[in-house]
Every structure is written in structure tokens, then in C-alpha cells.
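Under my numbering, the residues of the sequence shown are numbered 63 to 399, in order.
For each residue, glycine too, the CB sits at the ideal point set by N, CA and C.
First comes the structure, then the notes that go with it.
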Amino acid sequence: MPTITMGPQGLQVPDEPIIPFIAGDGTGPDIWAASVRVFDAAVAKTYGGKRKIHWVEVMAGQKSFDANGDWLPQGTIDTFNSHLVGIKGPLTTPVGGGIRSINVAIRQIMDLYACVRPVRWYQGVPSPVKHPEKVNMVIFRENTEDVYAGLEVAAGTPEAKRLLEFLDGMGWEIRADSGIGIKPISETGSKRLVRAAIRHALAEKGRSVTLVHKGNIMKFTEGAFRTWGYALAKDEFGDRTVSWEECGGKPGDRLLIKDSIADAFLQQILTRADEYDVIATMNLNGDYISDALAAQVGGIGIAPGANINYDTGHAIFEATHGTAPKYTGQDKVNPGS
Numbered sequence: 063m064p065t066i067t068m069g070p071q072g073l074q075v076p077d078e079p080i081i082p083f084i085a086g087d088g089t090g091p092d093i094w095a096a097s098v099r100v101f102d103a104a105v106a107k108t109y110g111g112k113r114k115i116h117w118v119e120v121m122a123g124q125k126s127f128d129a130n131g132d133w134l135p136q137g138t139i140d141t142f143n144s145h146l147v148g149i150k151g152p153l154t155t156p157v158g159g160g161i162r163s164i165n166v167a168i169r170q171i172m173d174l175y176a177c178v179r180p181v182r183w184y185q186g187v188p189s190p191v192k193h194p195e196k197v198n199m200v201i202f203r204e205n206t207e208d209v210y211a212g213l214e215v216a217a218g219t220p221e222a223k224r225l226l227e228f229l230d231g232m233g234w235e236i237r238a239d240s241g242i243g244i245k246p247i248s249e250t251g252s253k254r255l256v257r258a259a260i261r262h263a264l265a266e267k268g269r270s271v272t273l274v275h276k277g278n279i280m281k282f283t284e285g286a287f288r289t290w291g292y293a294l295a296k297d298e299f300g301d302r303t304v305s306w307e308e309c310g311g312k313p314g315d316r317l318l319i320k321d322s323i324a325d326a327f328l329q330q331i332l333t334r335a336d337e338y339d340v341i342a343t344m345n346l347n348g349d350y351i352s353d354a355l356a357a358q359v360g361g362i363g364i365a366p367g368a369n370i371n372y373d374t375g376h377a378i379f380e381a382t383h384g385t386a387p388k389y390t391g392q393d394k395v396n397p398g399s
């Protein structure tokens, strides 16, 4: 059976593609059992029974560790790479030690640089805010850099001591009992993320792209993200975009490029969410923002996520919530995401 491939015109999808999946840990099998029926029924209905998906299970997480002692087998990565498109449920990762996040590892190994989170309210879904219908955004979160890059050393370790000695030589005074994490933000990573966000906004006839950052404090990382984002918009999309400063908030028929400080943005998505459309931001901010927005429309149980490399065509779609082990086997968790 053929697999999905990437060609000059984008993804080439056969009539009966093979798509690998990870059912997940905890409530993962519960939501997978419900979801796969919907996927299959939707394909059958849409194409009149002429197309179907062939699902192949691959291993990761607790199930994989219990079976073979490996949280993320190389074979799983190889299968995702060769089939381009896959889907996964929530995975267990030990907290505070052991291995790093399996989710983060998959994104970094496959260079799935854009975490795309569409968030909107569906009529009838309970919400804690007065006007959830004003929330209709797509968040583009950079997926491979920032403090989530996994570049950390524990306090008191030889690695921490070496780093502290190096930083002391730069005149940076850090307490000797500190754990240390590194926050890389690159021009390459920032620009390709913003490029994907702008392309999406233009294709979907969006109103604006907002660069969310804390550049007022972290000038050479998050401030640089803002600078590179504006430069990318002007250099590559200058005939179709305009900045707030250039148009005074009146972009006409062009896509508006603007920015917002992260803490102010988190207030404004509560007070005037309808002013925002497509969001481009870094890893940590994107995590906070996407889950905060999901809470406004009914929770992360109905807010899906996709991890995409728009250059290679690789993509893994996922439920964005955790394993919720106390509900395992009870069919209580919403499979909507």
C-alpha cells in the first residue's frame, strides 16, 4: 500500500494511505478508540467509500517502555519519517528526572518546528467567560527552541559547575546552587515559524498576524524574535502585508502585522479576543497562550494540535492534554482534540 509523499506541489496522498499512530498512555487508548471511528466514518462519507486509511500502530511512552525498555524506539521515528503524516495520543513522561519529554523529543528529532493550535468556540460548549464566541485564533508556536529545548543541567552537578565557571568569567554572577537552563532563539527558527504563520493567514484570508513576545525584558532572544518577524514579513511578503506603524491600524486589503507583549496579550485575549486572528510566538509563550485560550472555549479536551514541518511535509497530529491516568478505561475523557 502506498504512503503519503511530498512533491513539488505539496503532499501527494494516495486513495488508501498508510498512517502510523500511537494510541498513547493512560486515557490515550480510550480517546483513540472513539476517534478512529470518527476518522474512518468521515473519510468514507466524504469520498463515498472510494478512499480509506490503513492505520499502523507504532510504540512510544509507557507501553513501549514496559514492552522493551525504550520510551521512544528508533523504529517509531523511522516509521513517522517514512510515512510523513502520523497521529498520537498523550504519552507518559517521568516528571523531575529520568528522560526528557517524549513529545518534545519527537518534535526535535523530526524538526517539527511549528506547533499549530486552532482554538475556537463551538455553540453549546460550556465556557467560563461571557463571550467565548469572540475566540477564533490559530496559534503558531515555535516548537524546537526556547527554554523547552532541553538544554538544562541540575544544580550541584559537574556540568553546572563548569557552566557557572564559564559564566563567572563573563562577569555573570549566579548562585552556586542554581540549576541552569539555556534559552536559544535563532533567526532561522524565528523566521520559518513566522513565514508559516503569514502563509496560513494569507491562504485563509486572515486579518492579522500578531507576534507575541517579552522583548521588553529579554531583548536579545524574544526581542530578536520580534525584529526578525517584522523583517521577514517585509522582505518576503511586503506587497501583501503592512505593519501597524505603517498603517495606523488600518491595513486596507493587506494582512496586518503587529506585536504584543506576552503579559498584556494574556489580558487582552480575555477582554477583547476578537482583535486577534493568527498568533506567532515562541515555545514557552505558545504553551501558555494556547492552553489559556483553550480554557476559554471549553478546555484542552477540544483543542487539537499539529506539529508540522512545512518544508519537508512531516506532520504529527495530537491530543494536547495529558494522560489523565485516573480516568483510564472509563471512557470519560473528551476525545474531541
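Am I right that residue i and residue j are in contact with their C-beta atoms under 8 Å? What's the rounded C-beta distance?
i, j, result
"residue 285", "residue 277", "3 Å"
"residue 244", "residue 217", "Actually they do not touch by this definition, with Cβ atoms about 15 Å apart."
"residue 252", "residue 287", "5 Å"
"residue 317", "residue 270", "7 Å"
"residue 355", "residue 256", "The Cβ separation is near 19 Å, so there is no contact."
"residue 92", "residue 393", "5 Å"
"residue 341", "residue 149", "Not confirmed; about 24 Å, so no contact."
Check residue i in the structure and name its three-state DSSP category.
i, result
"residue 237", "coil"
"residue 380", "strand"
"residue 333", "helix"
"residue 165", "helix"
"residue 342", "strand"
"residue 387", "helix"
"residue 243", "strand"
Please report the residue range of the beta strand (DSSP E) in which residue i lies.
i, result
"residue 323", "317-323"
"residue 181", "176-182"
"residue 74", "72-74"
"residue 232", "Looking at the DSSP string, residue 232 is not in any beta strand (DSSP E), and its letter there is neither H nor E."
"residue 172", "Looking at the DSSP string, residue 172 is not in any beta strand (DSSP E), and its letter there is neither H nor E."
"residue 368", "366-370"
"residue 69", "67-69"
Hey, is residue i's beta-carbon within less than 7 Å of any beta-carbon in chain C?
i, result
"residue 79", "Protein chain content of the structure displayed is limited to a single chain, and chain C is not contained in it."
Give the range of the alpha helix (DSSP H) segment to which residue i is assigned.
i, result
"residue 256", "249-265"
"residue 351", "345-358"
Given that a residue counts as buried once 16 or more other Cβ atoms are within 10 Å of its Cβ, and exposed if not, what is residue i?
i, result
"residue 176", "buried"
"residue 281", "exposed"
"residue 338", "buried"
"residue 371", "buried"
"residue 140", "exposed"
"residue 73", "exposed"
"residue 200", "buried"
"residue 266", "exposed"
"residue 343", "buried"
"residue 183", "buried"
"residue 79", "buried"
List in chain order: all unbroken alpha helix (DSSP H) runs of 4+ residues lying wholly within the region 83-162. 90-108, 123-130 and 136-145
Taking only runs that begin and end inside the region 184-228, name each unbroken alpha helix (DSSP H) of 4 or more residues, in chain order. You should have found no qualifying run.
Which ranges would you report for the alpha helix (DSSP H) in the region 271-321 if only whole runs of at least 4 residues count? 284-299 and 306-309
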